[in-house]
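**Q** Right, I'll just put the structure down here and ask away after.
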Amino acid sequence: MTVGPGRVVVLSGPTAVGKGTVMARFRELHPEAYVSISATTRPARPGERDGVHYWFVSDAEFDELIASGGLLEWAEVHGAARYGTPRRPVDEAVADGRTVILEIDLQGARQVKENCPDACFVFLAPPSAEELVRRLQGRGTETAEEQARRLETAATEMAARDEFDVVLVNEDVERTVAELVELCGL
Ligand code: 5GP
Numbered sequence: 157m158t159v160g161p162g163r164v165v166v167l168s169g170p171t172a173v174g175k176g177t178v179m180a181r182f183r184e185l186h187p188e189a190y191v192s193i194s195a196t197t198r199p200a201r202p203g204e205r206d207g208v209h210y211w212f213v214s215d216a217e218f219d220e221l222i223a224s225g226g227l228l229e230w231a232e233v234h235g236a237a238r239y240g241t242p243r244r245p246v247d248e249a250v251a252d253g254r255t256v257i258l259e260i261d262l263q264g265a266r267q268v269k270e271n272c273p274d275a276c277f278v279f280l281a282p283p284s285a286e287e288l289v290r291r292l293q294g295r296g297t298e299t300a301e302e303q304a305r306r307l308e309t310a311a312t313e314m315a316a317r318d319e320f321d322v323v324l325v326n327e328d329v330e331r332t333v334a335e336l337v338e339l340c341g342l
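Per the numbering used here, residue 157 is the first one in the sequence shown, and the count goes up by one each step.
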C-alpha cells in the first residue's frame, strides 16, 4: 500500500513505542512532508520547545481552539492532558499536495477516520509487551504513577491495532522509518 501526494497518514501506537523517535528521523529525511504540530495542555518536558514539539497552551486557550472549530480532532490522553491537531496547517498542506502525517492517539485516529476516511491509518507496535514496559521505564520522563496510567492506556491501544490499515513493528528505528517512507510514497 502506498499513499499519493496530498494524502493524510495517521500514525498511532501505545506510549513509549518510539513514535517520537521515528517521527524525528522521518522529519530529517523528508522535510517536504508536513508533520503536524499538535496543541497540548500538558507542560513541556525538558528540551521540548513551543512550536517545535508541540504548541503548549493553557486550558482556556485549548477551550477556545475547540470552540472556534480550529481543531481537526482532539482528545484527553492518559486522563492527564488534552491534545489536538490544528486544522488549518493540515488543510493548507493537503491543498499544496504535501503528504501530511498526524502522530495522534487512538481516540484522535478514530475521529479522523470519521471525518477523513481516505487517510491511511498506521499502527506502530512494540516488538513485545515486555519491551514496551522496558522502554517506558527506561526513558524516565514520567513518575511511577504516570507510567502506570500510560500502561493502562497502552493495553487499550494495543487491543485496537486491527482497526488500522497497516501495522509496523518498531524493532529498529531506521527500518521502521524506511517502511513509513515507502508507505507514504516518498
Ligand atoms: P506525549 O505526552 O508523550 O507527548 O503524548 C502522549 C500521547 O498523546 C501520545 O500517544 C500521542 O500520540 C498523543 N497525541 C499527541 N498529539 C496529539 C493530538 O494532536 N491529538 C491526539 N488525539 N493525540 C495526540
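Heads up, the beta-carbon is just placed ideally off N, CA and C, and yes, glycines get one too.
Helix, strand or coil for residue 289, going by three-state DSSP, please let me know.
**A** Residue 289: helix per DSSP, three-state reduction.
**Q** Can you tell me whether residue 283 is buried or exposed? The criterion is at least 16 other CB atoms within 10 Å of its CB, across all chains shown.
**A** Exposed, by the Cβ-count rule.
**Q** Buried or exposed for residue 224, please, with buried defined as at least 16 other CB atoms from any protein chain shown within 10 angstroms of its CB.
**A** The residue in question, residue 224, is exposed, as its Cβ has fewer than 16 Cβ neighbours within 10 Å.
**Q** Taking Cβ to Cβ, would you say residue 280 is nearer than 8 angstroms to residue 310?
**A** No, the Cβ-Cβ distance between residue 280 and residue 310 is not below 8 angstroms.
**Q** With a cut-off of 8 angstroms on the beta carbons, I'd call residue 190 and residue 245 a contact; round off their distance for me.
**A** At roughly 7 angstroms, the Cβ-Cβ gap stays under 8 angstroms, so residue 190 and residue 245 are in contact.
**Q** What residues are listed by DSSP as bridge partners for residue 206?
**A** Beta-bridge pairing links residue 206 to 210.
**Q** Just to check my reading of the structure: residue 192 and residue 257 have Cβ atoms closer than 8 angstroms, yes? What is that Cβ distance to the nearest angstrom?
**A** The Cβ separation is near 7 angstroms, so the contact holds.
**Q** For residue 303, which of 170, 222 and 165 has the nearest alpha-carbon?
**A** Checked all of 170, 222 and 165; the closest Cα to residue 303 is 170.
**Q** For residue 268, collect the residues of the same chain with a Cβ closer than 6 angstroms to its Cβ; drop the 5 residues on either side in sequence, then sort them by chain order.
**A** The residues are 166, 229 and 275.
**Q** Which runs of the alpha helix (DSSP H) fall wholly inside the region 236-299 and span at least 4 residues, in chain order?
**A** Counting only runs of 4 or more, we get 243-251, 262-271 and 285-295.
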